[in-house]
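Protein chains in written order, with the numbering used here: chain G, 4 to 222; chain F, 4 to 222.
Idealized CB from N, CA, C, for every residue including glycine.
All figures in this text were calculated on a predicted structure; none of them were measured in a lab.
Notes for the one structure printed next.
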DNA sequence: ACATGGGTTGAACGCTCGTTTAGGATGCTG
DNA sequence: CAGCATCCTAAACGAGCGTTCAACCCATGT
């Protein structure tokens with residue numbers, strides 16, 4: 004964060020400082036004074052540039068989301084549609100941005116909510132496209148699947164610190180990305196179930212759902 | 004929250020109020036005064052019973068985690084090992100507790116971290132047991148798989164509000180639990196990929212991983 | 001009757017917060 | 001040179017925070 008400060012305007016340094024602070028300490032837990040110290044400016048300058056602490060937060064939201072949209076858009080433009088790492092959620096976006104996104108999704112951020120919805124729509128589109136290419140099966144409820152899948156991927160992002168501790172491995176190191184992408188693909192491809200078992204369990208679940216429905220309608 | 008207040012001691016009402024406030028407003032964003040109002044007591048009583056705001060938070064952590072341990076322990080004691088909804092992560096635990104757990108996992112809570120690690124260990128145990136019964140395949144890296152799977156499930160919990168908005172359906176209603184459990188099972192069982200496609204992608208990922216390793220060692 | 005002690009409160013303290021204000025430094029434009 | 005906008009700061013303000021404290025209420029035990 005501090006290494007390239009010299010090249011950035013004070014306004015950009017403030018934004019970057021907030022980008023790092025908000026996910027670490029929370030919005031209320033982060034003080035304007037702390038951001039100012041990180042950015043090497045006075046607290047008054049923070050307000051001068053962003054109007055208020057809340058304004059700074061909105062600016063961070065907009066900045067991060069715009070950057071992520073750009074990176075994802077470029078990835079989709081290219082031929083990486085069939086790249087397993089895209090399906091595994093391992094798009095290559097700078098760590099502070101992803102960390103901020105994960106945090107923003109756990110707060111009442113309108114901007115983050117809009118991005119989430121956008122990503123669900125995009126996932127539905129991608130899966131339908133993949134189905135045309137014979138690679139995937141959209142199924143009758145592709146939207147629910149997409150939303151759940153995205154929740155899982157974003158959730159794994161939020162849980163990153165726990166993954167690191169539990170696996171004793173940095174989830175964003177080359178080694179970590181490989182191990183986690185592999186595990187994600189294995190999980191998503193049903194490799195964890197014995198042959199025939201997955202289908203049996205899905206059928207069992209359908210029965211359980213039907214029973215639950217009956218119990219509920221019986222009171 | 005307020006409906007059964009009459010039966011609870013002030014100490015319990017304070018804890019329940021904090022249990023609801025912390026996930027909604029964050030730790031720093033929650034004021035002792037707000038908790039006191041919710042519980043129908045004075046701010047001084049909060050400190051009297053829990054020593055400090057931080058002490059109240061620790062008490063909430065301990066309470067929620069103990070309750071979850073109990074519920075999960077009972078579920079494992081019974082024969083629900085093969086119940087798909089267990090694998091799908093839909094243990095039936097009261098909503099405020101799950102909401103609190105999801106929040107605690109996104110903060111630097113020692114207690115939540117310990118619970119996460121515990122759940123990973125337990126997942127490894129369960130999968131190995133299921134392998135003995137011929138239902139699952141532990142694989143060479145069952146611990147990574149378990150940790151990633153748990154991150155996804157907990158993450159989906161944290162992302163619940165986004166799921167609700169995106170699917171226009173309460174994830175904790177009967178309807179929502181059914182739809183999401185079904186989608187989760189479908190995702191985890193590989194139903195989203197065309198036959199043979201999943202294996203092809205896993206192989207492609209292995210190749211990609213190998214290439215990445217080479218690029219990195221070449222500088 | 002009277003002390004004891006836990007549950008509870010209102011009022012206040014000291015502190016830190018986000019924000020405001022008045023103005024200093026710097027550099028561009030005429 | 002003067003005029004003026006831009007970037008920036010030091011100091012201070014009022015509000016709200018977590019916490020403290022002296023005292024009150026009211027069971028219970030003697």
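Exercise for the section: Give every residue of the same chain whose Cβ lies closer than 7 Å to the Cβ of residue 5 (chain G), excluding the five residues on either side of it in the sequence, and list them in chain order. Expected result: Because the pLDDT of residue 5 (chain G) is 38, which lies under 50, any placement of that residue in the model is unreliable, and the number read from its coordinates should be weighed accordingly. Within the same chain, residue 5 (chain G) has no close Cβ partners at all.
Problem - Same chain, Cβ closer than 6 Å to residue 36 (chain F), neighbours up to 5 away in sequence not counted - result: Excluding sequence neighbours, residue 36 (chain F) sits near 46.
Practice task
Measure from the C-beta of residue 12 (chain G) to each C-beta in chain F and report whether the shortest distance is under 8 Å.
Solution key: no
Problem - is_contact[residue 197 (chain F), chain G] using C-beta, thresh 8 Å - result: yes
Practice task
Compare the C-beta of residue 51 (chain G) against all C-beta atoms of chain F and say whether one is closer than 8 Å.
Solution key: Answer no: the Cβ-Cβ gap between residue 51 (chain G) and chain F never drops below 8 Å.
Practice task
Say whether chain F places a C-beta atom closer than 8 Å to the C-beta of residue 38 (chain G).
Solution key: no
Exercise for the section: Could you pull out every unbroken alpha helix (DSSP H) segment of at least 4 residues lying fully inside the region 100-151 of chain F, listed in chain order? Expected result: Those alpha helix (DSSP H) runs which fall completely within the region 100-151 of chain F and span 4+ residues are 113-135.
Exercise for the section: Taking only beta carbons into account, state which residues of the region 184-208 of chain G come closer than 7 Å to chain F, listed in chain order. Expected result: 184, 185, 186, 187, 188, 189, 190, 191, 192, 193, 194, 195, 196, 197, 200, 201, 204, 205, 207 and 208
Handout entry: Amino acids of chain F, ordered along the chain, whose beta-carbon sits closer than 7 Å to that of residue 119 (chain G)
Key = 165 and 169
Problem - Extent of the continuous alpha helix (DSSP H) run through residue 191 (chain F) - result: 177-191
Practice task
Let me know if residue 198 (chain F) comes out buried or exposed under the rule of 16 or more other beta-carbons within 10 Å of its beta-carbon.
Solution key: exposed
Practice task
Please name the residue in G:176, G:54, G:71 and G:193 whose C-alpha comes closest to that of residue 216 (chain F).
Solution key: G:176
Handout entry: Sheet register partners of residue 196 (chain G) (DSSP bridge)
Key = F:139
Exercise for the section: Would you grab the beta carbon distance between residue 159 (chain G) and residue 154 (chain F) for me? Rounded to a whole angstrom, and I think it's under 8 Å. Expected result: 4 Å
Problem - Identity of the residue in G:51, G:100 and G:74 nearest residue 19 (chain G) by Cα - result: G:100
Exercise for the section: Taking only the alpha-carbon atoms, compute the straight-line gap between residue 8 (chain G) and residue 43 (chain G) and give it to the nearest angstrom. Expected result: Summary for residue 8 (chain G): the model assigns pLDDT 49, below 50, so the residue's position carries little reliability; its value from the coordinates is reported in the next sentence. Their backbone Cα atoms lie some 9 Å apart in a straight line.
Exercise for the section: Counting only the same chain and skipping the five closest in sequence on each side, list residues whose C-beta sits under 6 Å from that of residue 133 (chain G). Expected result: 139
Practice task
Using a cut-off of 8 Å between C-beta atoms, extract the partners of residue 158 (chain G) located in chain F.
Solution key: 154, 155, 156, 157, 158, 159, 160, 161 and 162
Practice task
Note down, in chain order, all residues in the region 97-117 of chain G with a beta-carbon under 7 Å from any beta-carbon belonging to chain F.
Solution key: Cβ contacts with chain F: 108, 109 and 116.
Handout entry: Cβ-based neighbour list, residue 148 (chain F), same chain, cut-off 7 Å, excluding 5 preceding and 5 following
Key = 142
Handout entry: residue 146 (chain G) at chain F interface by Cβ criterion, 8 Å
Key = yes
Exercise for the section: Indicate whether at least one CB of chain F lies closer than 8 Å to the CB of residue 138 (chain G). Expected result: yes
Exercise for the section: Look up residue 162 (chain G) in the DSSP assignment and say whether it is helix, strand or coil. Expected result: coil
Exercise for the section: Tell me whether the beta-carbon of residue 195 (chain F) lies closer than 8 Å to the beta-carbon of residue 202 (chain F). Expected result: No, these two residues do not count as a Cβ contact at 8 Å.
Practice task
Consider the Cβ of residue 177 (chain G): report whether some Cβ of chain F lies at a distance smaller than 8 Å.
Solution key: Interface residue, yes.
Practice task
In the DSSP assignment, find the unbroken alpha helix (DSSP H) run with residue 49 (chain F) in it and report its ends.
Solution key: 46-53
Problem - Neighbour flag for residue 31 (chain G) against chain F, beta carbons, 8 Å - result: yes
Problem - Under 7 Å by beta carbon: chain G residues contacting residue 58 (chain F) - result: Below the 7 Å Cβ cutoff, chain G contributes no neighbours of residue 58 (chain F), its closest Cβ being approximately 18 Å away.
Practice task
Look at the Cβ atom of residue 174 (chain G), then the Cβ atom of residue 185 (chain G), and state whether they are nearer than 8 Å.
Solution key: no
Handout entry: is_contact[residue 35 (chain F), chain G] using C-beta, thresh 8 Å
Key = It does not: the Cβ of residue 35 (chain F) has no partner Cβ on chain G nearer than 8 Å.
Handout entry: residue 59 (chain F) in three-state terms, based on DSSP
Key = helix
Problem - Contacting residues, own chain, Cβ-Cβ under 6 Å from residue 191 (chain F) (five flanking each side not counted) - result: Contacts found: none.
Handout entry: residue 28 (chain G) in three-state terms, based on DSSP
Key = helix
Exercise for the section: Note down, in chain order, every chain G residue with its Cβ under 8 Å from the Cβ of residue 142 (chain F). Expected result: Those within 8 Å of residue 142 (chain F) in chain G are 189, 194 and 195.
Problem - With 16 other Cβ atoms within 10 Å as the buried cut-off, status of residue 41 (chain G) - result: buried
Handout entry: CB contact below 8 Å: residue 212 (chain F) versus chain G
Key = It does: the Cβ of residue 212 (chain F) has a partner Cβ on chain G nearer than 8 Å.
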